[in-house]
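These notes are about the structure you will find just below.
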Amino acid sequence: MQMVLKQIERLGEYVLWHINELGGLALFLMGAIRGIFRRPFRFAAFLNEIRFIGANSFVVIFFTAAFTGMVLGVQGYYTLSQFGSEGLLGSAVALSLIRELGPVLTALMVTGRAGSAMCAELGIMRITQQVDALECMAIDPYRFLITPKFLATIVAVPLLTLIFDVVGIFGGYFSGVILLGVNPGAFFSGMEQSVANQDINLGIIKSFFFAFIIVWICAGKGFLLYRARVGFGSGSVSRVTTRAVVLSSITVLIWDYLITALLL
1 MQMVLKQIER LGEYVLWHIN ELGGLALFLM GAIRGIFRRP FRFAAFLNEI
51 RFIGANSFVV IFFTAAFTGM VLGVQGYYTL SQFGSEGLLG SAVALSLIRE
101 LGPVLTALMV TGRAGSAMCA ELGIMRITQQ VDALECMAID PYRFLITPKF
151 LATIVAVPLL TLIFDVVGIF GGYFSGVILL GVNPGAFFSG MEQSVANQDI
201 NLGIIKSFFF AFIIVWICAG KGFLLYRARV GFGSGSVSRV TTRAVVLSSI
251 TVLIWDYLIT ALLL
């Protein structure tokens, strides 16, 4: 009986801790949104974050998109060739990238490259009491630290998604048309006939949602390091960063399904 009560107590403590953490993230989100409307706006910091999150992620996005498109081209060709429908390869590649793989893989790459760095940066600032120093100087840490990252992520991720889609389609063209001999006119004609505005809008909507998830979780976890129950030393930053990346990636995949189910 004592063991059962102990397990129930641990379960209650676990649930209460997660509720407390969720409440902290909700308050963090409110502070980040409030910081958008506070002046002066740090435009130079915003551009710097755009460079870090967007421009510096271009190489990894480019190669991920190119090889994803090439794999789709090869796999799609051998699947469609069994039914004599190689001409539909452009349609299959474009729809797969625009609806699903473009937004999802872009979000996962940005989470791994920029989201982890964002979380670690804010976590280090928290344990070295730089955030406390800002508050002591009557500087709003949300406006100073979070708002530029928040807005830059919302802007950069959809743009990176569009780049991913275009590069991925040309990767599918390279493997399907140049290497495997699919008719180039059929490739682009099938893509033009099958891709509708609804598909493009779905991919853009997903990218905005995923950008919001990335910056909310990664920046929030680093900023609220003291709530994470991982200690307060240098090792705590690596542990909370790992948690942030894992949680962001899982949340992106969950919301991918929910948005697809609701909007299709």
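Here the sequence shown is numbered in my numbering, starting from 1 and rising by one per residue. Here a beta-carbon is modelled for each residue, glycine too, at the ideal position from N, C-alpha and C. Note that this is a predicted model, so its numbers are computed, not measured.
Which residue comes first and which comes last in the alpha helix (DSSP H) that contains residue i?
i    : result
Y78  : 58 to 80
A114 : Per DSSP, A114 belongs to no alpha helix (DSSP H) and is neither H nor E.
D199 : 197 to 223
V182 : No alpha helix (DSSP H) holds V182; DSSP gives it neither H nor E.
Q129 : Premise fails: Q129 is in no alpha helix (DSSP H) and is neither H nor E.
A94  : 89 to 95
E86  : Per DSSP, E86 belongs to no alpha helix (DSSP H) and is neither H nor E.
L151 : 147 to 173
A138 : Unbroken run through A138: none, as it is neither H nor E.
L47  : 43 to 53
Can you name, in chain order, every residue of its own chain whose Cβ lies under 7 Å from the Cβ of residue i, other than the five neighbours on each side?
i    : result
N48  : none
A114 : F52, I53, S57
G35  : D140, Y142, R143, I146, T147
L134 : P141, F144
I124 : V237
R38  : D140, R143
Determine, using beta carbons only, whether residue i and residue j come nearer to each other than 8 Å.
i    : j    : result
C218 : M109 : no
D256 : K221 : no
A65  : G76  : no
L97  : D165 : yes
G73  : V167 : no
A195 : L95  : Note on identity: in this sequence residue 195 is Val, with Ala being the wrong assignment. For V195 and L95, yes; Cβs fall inside 8 Å.
R99  : L202 : yes
S249 : T153 : no
I50  : A138 : no
V245 : A120 : no
G24  : L159 : no
F188 : G90  : yes
S116 : T241 : yes
I'd like to know if residue i contacts chain D, where contact means its C-beta is closer than 8 Å to some C-beta of that chain.
i    : result
A117 : The structure shown has no chain D; it contains just one protein chain.
Report the rounded CA-to-CA distance for residue i versus residue j, giving the unit in angstroms.
i    : j    : result
E21  : I33  : 18 Å
G102 : V60  : 13 Å
R42  : L151 : 11 Å
V215 : D199 : 25 Å
R126 : D132 : 7 Å
L122 : K149 : 11 Å
Y173 : G190 : 12 Å
N197 : R239 : 42 Å
F83  : E192 : 21 Å
V182 : S85  : 10 Å
F28  : S175 : 46 Å
L5   : I19  : 21 Å
F170 : A261 : 28 Å
A55  : F46  : 13 Å
Near residue i, what residues of its chain come up, given a Cβ to Cβ distance below 6 Å and the 5 sequence neighbours on each side ignored?
i    : result
T251 : I213
A186 : G87
L247 : I217
L180 : Y77
A107 : F210, V252
T161 : G102, P103, T106, S207
In chain order, what residues of the same chain lie with their CB nearer than 8 Å to the CB of residue i, ignoring the 5 residues before and after it?
i    : result
V104 : K206, F210, V252, L253, D256
F62  : I163, V167
P184 : Y173, V177
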